[in-house]
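**Student:** Going by full-length UniProt numbering, the sequence shown opens with residue 1, and the numbers climb by one from there.
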Amino acid sequence: MVLGSSFRVNINSEMQVHPADESQIGRNAHVGNLRIQNLVEEDEGKYECEAKNDKGTRLSSGDNLLVRAKRFRPHFTNLPASRQIIPPGGQLTLTCTAVGAPVPNVQWFRDKQNLPGEQLNKQPPGTAKLVLTNLLESVNVTCVAESTIGRVYQDIQVIVKSKE
Numbered sequence: 001m002v003l004g005s006s007f008r009v010n011i012n013s014e015m016q017v018h019p020a021d022e023s024q025i026g027r028n029a030h031v032g033n034l035r036i037q038n039l040v041e042e043d044e045g046k047y048e049c050e051a052k053n054d055k056g057t058r059l060s061s062g063d064n065l066l067v068r069a070k071r072f073r074p075h076f077t078n079l080p081a082s083r084q085i086i087p088p089g090g091q092l093t094l095t096c097t098a099v100g101a102p103v104p105n106v107q108w109f110r111d112k113q114n115l116p117g118e119q120l121n122k123q124p125p126g127t128a129k130l131v132l133t134n135l136l137e138s139v140n141v142t143c144v145a146e147s148t149i150g151r152v153y154q155d156i157q158v159i160v161k162s163k164e
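Next comes the structure, spelled out in structure tokens:
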């Protein structure tokens, strides 16, 4: 089951059932059901139905509930153009944003090397901003978004060119 979804267990008994917090228990004659809405990880576990009457007690075999978060590979939602042209000594700001579950770590690389911290501005999760200053030669930079379930990257060519 996925976080935030619902889980239902059918209950076959002749007992009176009392609702638990944040759960709905329905009953119609000898058949009932337990419905847990807006699942959270703490709801995970084995659910059993216990029926009692003057003849004794019976316990159902139960159902196991596994709660997992939605997961999807990172993908970019905001990228600069793959080719940037600036004059010698110019400045360029590049922003890269990616989404995924779990939220990806987004970083900039220059010529395949992770950029030193002083060239990066801290941004919200899933976003990286790069400020290149006083550029005198062309460089290649790469935005990489990575999580435990995937990795994507985009190369950006920064061309230093004099106005003609």
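Heads up, the beta-carbon is just placed ideally off N, CA and C, and yes, glycines get one too. Just so it is clear, the structure is predicted and the values come from calculations on it, not from any experiment.
1) Taking the straight line between their C-alpha atoms, what separation do you get for T97 and V160?
2) Using only alpha-carbon positions, find the residue among V67, E44, S61 that is nearest to E50.
3) Which residue from S138, A101, P102 puts its Cα closest to that of R83?
4) Got a sec? Which residues, its chain only, sit under 7 Å from D111 by beta carbon, not counting five neighbours each side?
5) In whole angstroms, give me the CA-to-CA distance for P87 and L136.
6) Using the Cα positions of A101 and E41, report the straight-line distance between them to the nearest angstrom.
7) Let me check understanding here. Comparing Cα to Cα, which of T142, S162, I149, T148 lies closest to D155?
8) Label P104 either buried or exposed according to how many other C-beta atoms from any shown protein chain fall within 10 Å of its C-beta, with 16 as the threshold for buried.
9) Does the separation of the CB atoms of F76 and A145 fall below 8 Å?
10) Whole angstroms are fine: how far does the CA of G90 sit from the CA of S162?
11) In whole angstroms, what is the alpha-carbon distance linking K46 and K70?
12) Among the candidates Q157, V158, N134, V99, whose CA atom is the shortest distance from the CA of R151?
13) Taking L115 as the reference, give the member of P125, T127, L132 with the closest Cα.
14) Once the 5 residues before and after S147 are set aside, which same chain residues still bring their CB inside 6 Å of it?
15) What is the rounded straight-line gap between the Cα of Y153 and the Cα of L34?
**Tutor:** Straight from the coordinates:
1) 25 Å
2) S61
3) S138
4) V139, N140
5) 8 Å
6) 16 Å
7) T142
8) buried
9) yes
10) 10 Å
11) 21 Å
12) V99
13) L132
14) P74, G100, P102, P104
15) 45 Å
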